[in-house]
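Q:
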Ligand code: DC
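Residue numbers (the working numbering): 832 to 1053.
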């Protein structure tokens, strides 16, 4: 049976950085499910569909194929055969992903795909509902969080490094809004699974978080 690690938590908690490191250490596949929601969101944006229009979003789902591949340890996301990795990290796509991931048809489609991947491959999958809904049988479940202020500051520094001017206040406000959306939607909201280990990374280094997860995995494999 495949070994699955479910990693959930709010936006900006450092899930992808941590998951990539853990995957590398264990030679597991890393699956970033947020990227899948973002790829679908890109399709909706290109089609000019309003995020409030559930009927149109649901109908559009039938025209979308999201696939993943792993190249040199990096996940690549394909939207109907087109590699969209470089196009999905914008604020606009993120907002559309948060707004459209509330719909049943969108979630159904991606959940099915995620479960298929986890059936046969040892992997670490990050998202919002992995431990609670997608992989309730995952051998290790982590809920990774950090305070809004810390998440905002990390994002602020990241953007500054890229030469993007932004205000820390606005970033924190966006994070609060995203939390609100992800935690309060009706279907599969973000929450800690009962059997998930809570890691608050506010005062921890990446190394410390990675080591804590590796220890949990080792304990399960013993
Ligand atoms: O992790 P991210 O910022 O790339 O995710 C973008 C949005 O996708 C997030 O705000 C909510 C949605 N999402 C989800 O609903 N379920 C997941 N498992 C992953 C992401």
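Think of the CB as a built atom: it goes at the ideal place given N, C-alpha and C, for glycine as much as any other residue.
Does the Cβ of residue 951 lie closer than 6 Å to at least one heavy atom of the ligand DC?
A: Against the chain shown, residue 951 aligns to sequence position 120. Not so, every heavy atom of the ligand DC lies at least 6 Å from the Cβ.
Q: Looking at residue 975: is its Cβ nearer than 7 Å to the Cβ of residue 867?
A: Position 144 of the chain shown, counted from the first residue, corresponds to residue 975. Position 36 of the chain shown, counted from the first residue, corresponds to residue 867. Result no, Cβ atoms of residue 975 and residue 867 do not sit closer than 7 Å.
Q: Going by the CB atoms, is the gap between residue 888 and residue 895 shorter than 7 Å?
A: Sequence index remark: in the chain shown, residue 895 carries index 64 (1-based). Sequence index remark: in the chain shown, residue 888 carries index 57 (1-based). No.
Q: Check whether the Cβ atoms of residue 843 and residue 1006 sit closer than 7 Å, and answer yes or no.
A: Here residue 843 is taken as the residue at index 12 of the chain shown, counted from 1. Here residue 1006 is taken as the residue at index 175 of the chain shown, counted from 1. Yes; because the gap between Cβ atoms is below 7 Å, this pair is in contact.
Q: By how many angstroms is the C-alpha of residue 978 removed from the C-alpha of residue 999?
A: Locating residue 999 in the chain shown gives position 168, counting from the first residue. Locating residue 978 in the chain shown gives position 147, counting from the first residue. Spanning the two alpha carbons is a distance of roughly 14 Å.
Q: What is the C-beta distance between residue 882 and residue 931, in whole angstroms, given that I count them as a contact (C-beta under 8 Å)?
A: If you number the chain shown from 1, residue 882 lands on position 51. If you number the chain shown from 1, residue 931 lands on position 100. At roughly 5 Å, the Cβ-Cβ gap stays under 8 Å, so residue 882 and residue 931 are in contact.
Q: Taking three-plus beta-carbon pairs below 8 Å as touching, is the segment 1011-1026 in contact with the segment 957-964?
A: yes
Q: Does the ligand DC have a heavy atom nearer than 6 Å to the CB of residue 1026?
A: Position 195 of the chain shown, counting from 1, holds the residue named residue 1026. Result no, Cβ not under 6 Å from the ligand DC.
Q: Beta carbon of residue 1031: closer than 6 Å to some heavy atom of the ligand DC?
A: Translated into positions along the chain shown, residue 1031 becomes position 200. Not so, every heavy atom of the ligand DC lies at least 6 Å from the Cβ.
Q: Identify which residue in 839, 1052, 935 has its Cα closest to the Cα of residue 886.
A: Residue mapping note: residue 886 aligns to position 55 of the chain shown, counting from 1. Nearest option by C-alpha distance: 935.
Q: Determine the direct distance from the alpha carbon of residue 860 to that of residue 904, and round the result to whole angstroms.
A: Mapped onto the chain shown, residue 904 falls at position 73. Mapped onto the chain shown, residue 860 falls at position 29. In a straight line, the C-alpha of residue 904 is about 8 Å away from that of residue 860.
Q: Closer than 7 Å by C-beta to residue 1026: which residues in its own chain qualify, once you throw out the five before and the five after it? Chain order, please.
A: Reading the chain shown from its first residue, position 195 is the one you call residue 1026. Excluding residues within five positions, the ones whose Cβ falls inside 7 Å are 972.
Q: So, is residue 864 buried or exposed, given that buried needs 16 or more other C-beta atoms within 10 angstroms?
A: Translated into positions along the chain shown, residue 864 becomes position 33. Buried, because 16 or more other Cβ atoms sit within 10 Å of the Cβ of residue 864.
Q: Is residue 868 close to the ligand DC? I mean its beta-carbon at under 6 Å from any heavy atom of the ligand.
A: For the purposes of this step, residue 868 is taken as the residue at position 37 of the chain shown. Taken from the Cβ of residue 868, at least one heavy atom of the ligand DC lies inside 6 Å.
Q: Report yes if the C-beta of residue 818 is less than 6 Å from at least one heavy atom of the ligand DC; otherwise report no.
A: Residue 818 lies beyond the stretch modelled for the chain, which goes from 832 to 1053, so this question has no answer here.
Q: Just list the residues that DSSP pairs residue 894 with in beta bridges.
A: Translated into positions along the chain shown, residue 894 becomes position 63. Residue pairing for residue 894: DSSP places it in no beta bridge.
Q: Run through DSSP, which three-state label would residue 861 get?
A: Position 30 of the chain shown, counted from the first residue, corresponds to residue 861. In the three-state DSSP reduction, residue 861 falls in the strand class (E or B).
Q: The alpha helix (DSSP H) with residue 1001 in it runs from where to where?
A: Counted from its first residue, the chain shown places residue 1001 at position 170. Taken as a continuous stretch (DSSP letters only), the alpha helix (DSSP H) holding residue 1001 covers 999-1015.
Q: Under three-state DSSP, which class holds residue 954?
A: Position 123 of the chain shown, counted from the first residue, corresponds to residue 954. In this structure, residue 954 counts as strand in the three-state DSSP scheme.
Q: Which two residues bound the contiguous alpha helix (DSSP H) that contains residue 905?
A: Taking the first residue of the chain shown as position 1, residue 905 is located at position 74. Note, residue 905: premise wrong, no alpha helix (DSSP H); beta strand (DSSP E) at 905-910.
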